């Protein structure tokens, strides 16, 4: 059996380093591992519209942004199919049929949906002070099942918080196959090993990096913007004097270093630790942490180091992005071609699904058989 | 503006005289009135699957039955477009987008949905002893809105019980147009005048004619089957002796006569009232009723009369149906062609919808504009 990946993002804003550390970096690794036969990367505009129905322009503007972030970060259209969800009509048709296999009650029990609803201020009680839940949003686990199964994905690399979503897909696959015969492929979740993927807090130390909180470092930020954001980062509020002992845990600068620092950085960016008053030589992040805990290592010094470390990853992305920005027609062409490839793949699955459900009345061969069957009924 | 009708039925069984009196007879009249530019008659297999997901064969078998009943009853493929819902993929795509414009709470408040749920033994409480509500079934008012708007229907002829459904469609139209600009047509409900359409009880006197209750007279029943069913009909349980005064209200035979009897029937079927012991001459249904109330008019006599009255309508339908049964390929060809016509109409609306939502990125002209717009952003 082919090994196929499906993954993607809602195009509601440019991608930030939280996306990079949480999923994008790993996707690039998986893409380049050569272990997968097909990789589909979906820009989920239709899903974004389920809770942005009144702001289609935001979604539309961000499709190209996400596409450029993807390619800048290393997703390669030669190796991965980048496509736009809304351009694959077949996905809505699959969603429609899968909706018959899931109960309203089952959706209401989905913890991810519950959490996402809370996040958006939707009420499941219909309380007057809260917005009602758009049906499209309520049903997005079913739409996700359509996305995953349309491409016969065997592997879906997501975080643990998405486990209930994938379980919903697996349930739909089992229900469909049990009802209509073996047709759909049951996907496996691919959870991250801890080192590879983590949830990055915002620059303000808040749990989640979010555009609305203004605490994100974007992949497309200039070196100057990154430095300004790093300078303003939340560290250890008790570390008032350089000489004070500092805390590493819960200190955002160290969390980011954990995510981005590589062994070669200590030699490469040794100048960061050479100050006017004190100087250090570090060979590992553990040594930096020990010194910070002991006291004497100032926040500005570690921020300068983090800035270099971040830019070491971000500068090549920034450069590739700049090239793409100068070649917008190429980016759209990638998406157009990718959407065509995706559509062909989804159309195959939809044909399988309709055949299994026996609603392919006018397909070649089927019509003749139907005519024969029904005619006999009235000649017998 | 064109006057366009959309209407249809779920293919879960052959059509009975309840369908005929409740809607089909009127559709034929509307079709032949020449007052409408287009008439779309939908065999709603996809909707039938929302609560028959585990029995696609039943739905599949009944498509041709419903189609033959339609044509036998007078729906003319030259005047009306007969089509199969599932063959118009565009309807599922419209449903998908409209789902963003309706809240879960709004659906839960829909009295028709509540009633239909009760009828099917679905629970909205998730009680263990009741089946959960399939999401597809829960969302069928949205799917109906897609059906109606896809064909730019201006008029939907339905019974009063369907008013909340049509109001849901009108709400979706208003929300869509307000959000994305004037695109969809708001349909009007066309309620029956009382004489034209009524809900016929079952032959057992129960409120609803239903296949599962076995109390239906089908359009395709033979004369013998009809006579057997009429003989067994529920009349007035207090009318024990022919000489007893009888009740007309709640007496199913009279309800059916109200629905089917025409002035010419009294002359045409006068023999029914000539008995061995007593004979009557009636010139109107009121006279028959008066005599029944006064006593002396036996149930068998009025049943014979009803049988003739029914067959006067049913015999031509039966004959046309028999011809169609001998020409199954023609019936499928009508459906295939009709579905093609319907698909072209729905595709136009879907293109309008995608244009309004601005998710038609790769349409001619649009892509060039997008490229220009985005390129400028990065050259400025």
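Chains as they are written, first to last, in my numbering: chain A, 33 to 412; chain B, 33 to 412.
By construction, the Cβ of each residue, glycine as well, lies at the ideal position given by its N, Cα and C atoms.
Given the structure is predicted, the values throughout are model-derived calculations rather than measurements.
Residue range of the alpha helix (DSSP H) that includes residue i
| i | result |
| --- | --- |
| residue 403 of chain B | 398-411 |
| residue 192 of chain A | Careful: residue 192 of chain A lies outside any alpha helix (DSSP H) and carries neither H nor E. |
| residue 149 of chain A | 143-151 |
| residue 38 of chain A | That residue, residue 38 of chain A, is in no alpha helix (DSSP H); its beta strand (DSSP E) goes 36-41. |
| residue 349 of chain B | 331-357 |
| residue 215 of chain B | Element bounds for residue 215 of chain B: n/a, residue is neither H nor E. |
| residue 114 of chain A | First-last for residue 114 of chain A: 113-116, but that is the beta strand (DSSP E), not the alpha helix (DSSP H). |
| residue 165 of chain B | Premise fails: residue 165 of chain B is in no alpha helix (DSSP H) and is neither H nor E. |
| residue 221 of chain B | Per DSSP, residue 221 of chain B belongs to no alpha helix (DSSP H); it is in the beta strand (DSSP E), 220-222. |
| residue 297 of chain A | 297-300 |
| residue 257 of chain B | 255-263 |
| residue 287 of chain A | 284-292 |
| residue 232 of chain A | It is not in any alpha helix (DSSP H) - residue 232 of chain A carries neither H nor E in the DSSP assignment. |
| residue 370 of chain B | 360-389 |
| residue 173 of chain A | 172-182 |
| residue 130 of chain A | 122-130 |
Residue i: contacting residues in chain E (beta-carbon distance under 9 Å)
| i | result |
| --- | --- |
| residue 170 of chain A | Absent from the structure: chain E. Protein chains present are A and B. |
For residue j and residue i, the rounded distance between their alpha carbons
| i | j | result |
| --- | --- | --- |
| residue 379 of chain A | residue 125 of chain A | 10 Å |
| residue 154 of chain A | residue 165 of chain A | 5 Å |
| residue 102 of chain A | residue 99 of chain B | 51 Å |
| residue 413 of chain A | residue 168 of chain B | The shown model of chain A, from 33 to 412, leaves out residue 413 of chain A, and the question about it has no answer. |
| residue 389 of chain B | residue 136 of chain A | 28 Å |
| residue 186 of chain B | residue 203 of chain B | 14 Å |
| residue 175 of chain B | residue 200 of chain B | 11 Å |
| residue 40 of chain A | residue 225 of chain A | 19 Å |
| residue 118 of chain B | residue 359 of chain B | 23 Å |
| residue 400 of chain B | residue 411 of chain A | 59 Å |
| residue 109 of chain B | residue 109 of chain A | 49 Å |
| residue 127 of chain B | residue 93 of chain B | 25 Å |
| residue 366 of chain B | residue 353 of chain B | 15 Å |
| residue 362 of chain B | residue 408 of chain A | 15 Å |
| residue 355 of chain B | residue 348 of chain B | 11 Å |
| residue 219 of chain A | residue 208 of chain B | 36 Å |
| residue 300 of chain B | residue 313 of chain B | 12 Å |
| residue 122 of chain B | residue 383 of chain A | 15 Å |
| residue 158 of chain B | residue 38 of chain A | Residue placement at residue 158 of chain B cannot be trusted, given a pLDDT of 49 that sits under 50; what the coordinates show is reported in the next sentence. Between residue 158 of chain B and residue 38 of chain A, the C-alpha separation is close to 33 Å. |
| residue 213 of chain B | residue 86 of chain A | 11 Å |
| residue 287 of chain B | residue 271 of chain B | 16 Å |
| residue 246 of chain B | residue 305 of chain B | 29 Å |
| residue 194 of chain B | residue 55 of chain B | 12 Å |
| residue 296 of chain A | residue 215 of chain B | 59 Å |
| residue 141 of chain A | residue 68 of chain A | 33 Å |
| residue 134 of chain A | residue 267 of chain A | 46 Å |
| residue 63 of chain A | residue 223 of chain A | 16 Å |
| residue 46 of chain B | residue 113 of chain A | 47 Å |
| residue 144 of chain B | residue 42 of chain B | 16 Å |
| residue 315 of chain B | residue 377 of chain B | 50 Å |
| residue 179 of chain A | residue 371 of chain B | 27 Å |
| residue 172 of chain A | residue 163 of chain B | 22 Å |
Residue from the options whose Cα sits closest to the Cα of residue i
| i | options | result |
| --- | --- | --- |
| residue 254 of chain B | B:48, B:218, B:38 | B:48 |
| residue 269 of chain B | B:305, B:256, B:211, B:285 | B:285 |
| residue 57 of chain A | A:335, A:375, A:399, A:346 | A:346 |
| residue 291 of chain A | A:256, A:309, A:231, A:326 | A:231 |
| residue 111 of chain B | B:400, B:189, B:373 | B:373 |
| residue 392 of chain A | B:116, B:246, B:142 | B:116 |
| residue 206 of chain B | B:197, B:217, B:51 | B:217 |
| residue 120 of chain B | B:95, B:74, B:86, B:320 | B:74 |
| residue 239 of chain A | A:151, A:215, A:62 | A:151 |
| residue 50 of chain A | A:250, A:315, A:406, A:395 | A:250 |
| residue 52 of chain A | A:143, A:252, A:211 | A:252 |
| residue 107 of chain B | B:237, B:96, B:386, B:61 | B:61 |
Residue i: first and last residue of the uninterrupted beta strand (DSSP E) it sits in
| i | result |
| --- | --- |
| residue 74 of chain A | 70-75 |
TODO: With 8 Å as the limit, tell me which residues of the segment 341-358 of chain A have their beta carbon closer than that to any beta carbon of chain B; keep them in chain order.
DONE: 357, 358
- [ ] Using a Cβ-Cβ cut-off of less than 9 Å, give me the residues of the segment 54-84 of chain B that come near chain A, in sequence order.
- [x] 77, 78, 81, 82, 83, 84
TODO: Determine contact between the segment 324-342 of chain A and the segment 74-84 of chain A, defined as no fewer than three beta-carbon pairs at a distance below 8 Å.
DONE: no
- [ ] Could you name the residues of the segment 389-400 of chain B whose beta carbon sits closer than 8 Å to any beta carbon of chain A, in the order they occur along the chain?
- [x] Those residues of the segment 389-400 of chain B that come within reach of chain A (Cβ to Cβ, closer than 8 Å) are 389, 390, 391, 393, 394, 399.
TODO: Give, in chain order, every residue of the segment 40-54 of chain B whose Cβ lies closer than 7 Å to some Cβ of chain A.
DONE: When CB distances to chain A are screened at a threshold of 7 Å, not a single residue of the segment 40-54 of chain B falls below it.
Open item on the list: Does the contact criterion of 3 or more C-beta pairs under 8 Å hold for the segment 318-337 of chain A versus the segment 275-285 of chain A?
Closed with: yes
Task: Interfacial residues, the segment 116-128 of chain B to chain A, with Cβ spacing under 9 Å - done: 116, 118, 119, 121, 122, 123, 124, 125, 126, 127, 128
Task: Residues within the segment 240-254 of chain B neighbouring chain A, beta-carbon criterion of under 7 Å - done: Those residues of the segment 240-254 of chain B placed with their C-beta closer than 7 Å to a C-beta in chain A do not exist.
- [ ] Compile a chain-ordered list of the residues in the segment 359-377 of chain A whose CB is closer than 7 Å to at least one CB of chain B.
- [x] Contact residues of the segment 359-377 of chain A toward chain B are 360, 361, 364, 368 (C-beta to C-beta distance below 7 Å).
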